[in-house]
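Here the numbering used here is used: the first residue of the sequence shown is 7, the next is one more, and so on. Working notes for the structure below.
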Amino acid sequence: MVVDQNLYPFKNNYMNLGKHRYHYIDEGQGEPMLMVHGNPTWSFYYRHLAREFSKTHRVVVPDHIGCGLSDKPNDEDYFYTLEQRVQDLEQLVLELDLRNITLVVHDWGGMIGMTFATRNADRIKKIVLFNTAAFQNPKGGKLPWTISICRNRAVGPFLVRGLNAFSIGASVKCFTRKKLPRSERDAYLAPYNNWHNRRAVLRFVQDIPLGPEDDSWSVLAEVEDKLSVFNKTPVLIIWGGKDFVFDDDFLAAWESYYPHAEVHRLNDAGHYVADDAHGDVIPIMHQFMTKHG
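Structure below.
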């Protein structure tokens, strides 16, 4: 896969996870910022933040297995589950010996990153939350119909892996401030260019823990129970107000867990807030990083 170096000017780094190559950005020097993406994005999502904060920090941004520039194995060779994602991230952090981490998370990255964080709280210094969750859906088992239909075992594979509907739809619907330029849209979609390479996108949707019958429910319960470990940790919440999935009910839940958090709701920004509104996001983050050393 070739990515325009003008859009993604980063060196490619790889770590072996068994027989799979786990790709990550590792740019700059100083205290680490660990940025964890969601679905159906990849490290490209954080490109503006990586460029800016690598001037003052060590910025590490992995691609989950099956995503971005990481390997895309079959189901027989890799467990596409939340627990496995957390273990992958933990192995990377231990390999790079990252400490005093500013953890930055979005979408599925919240569940993955915060599970890792609660298990390794001594490594976390600050937390930045974009539209995400690490707790039970405040709406119960209800999902937007666009996600529910992709989760459906009968039609989901055709929509997600056959038509690439989930990734294409996200590249349009998750931007509300601006229309994404064609070159950037193509870059978001580049890792998911055929049936095989869209496996992880579908597996993420299927792995959403909505109830005890779901494989990742126990991990969700674990992380939710431990969120209070960060009730004195500096937390910044930057929220896209036009997110059709992680809406204000999710924001209210985060505020109940972290009433001390600094909250910025960007009313006109969409789900991909760190990209859609990066011109506002970066100054807010700079101020937070400076305030909390």
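Heads up, the beta-carbon is just placed ideally off N, CA and C, and yes, glycines get one too.
Taking C-beta atoms as the reference points, Gly34 and His54 fail to come closer than 8 angstroms. If you look at Met39, you'll find it in the beta strand (DSSP E) that goes Pro38 to Val42. Close CB contacts of Ser60 within its chain, under the 8 angstroms cut and outside five residues either way in sequence, are with Glu33 and Gly34 (chain order). For Trp260, no beta strand (DSSP E) segment is defined; the enclosing uninterrupted segment is the alpha helix (DSSP H) at Asp254 to Tyr263. When only Cα atoms are considered, Leu88 and Ala140 end up about 11 angstroms apart.
Looking at the DSSP output, Val269 sits in a beta bridge with Ile243. Between Val251 and His277 a beta carbon distance of about 6 angstroms is seen, short of the 8 angstroms cut, so the two are scored as contacting. Minimum Cα-Cα distance from Lys145 among the listed residues Asp254, Ala283 and Val279 corresponds to Asp254.
Only exposed fits Met7, as fewer than 16 other CB atoms lie within 10 angstroms of its CB. Closest by C-alpha distance to Lys297, out of Asp286, Glu268, Asn273 and Ala283, is Glu268.
Inter-segment contact for the stretch 148-161 and the stretch 229-240 is absent: fewer than three beta-carbon pairs are separated by less than 8 angstroms. Remark: fewer than three beta-carbon pairs, one from each stretch, lie closer than 8 angstroms, so the stretch 205-221 and the stretch 96-104 are not flagged as touching.
Inclusion of Ile244 and Val287 in the CB contact set at 8 angstroms is warranted, their separation being smaller than that value. Across the structure, Ala127 and Tyr30 are spaced so that their CA atoms are roughly 22 angstroms apart. For the set Met41, His284 and Arg167, the Cα lying nearest the Cα of Gly72 is the one of Arg167.
Unbroken beta strand (DSSP E) stretches of 3 residues or longer found wholly inside the stretch 75-162: 107-113 and 130-138, given in chain order. According to the DSSP assignment, Arg188 belongs to no beta strand (DSSP E) but to the alpha helix (DSSP H) extending over Arg188 to Leu195. Non-local beta-carbon contacts of Asn22 in its own chain, meaning distances under 8 angstroms to residues more than five positions away in sequence, involve Tyr28 in chain order.
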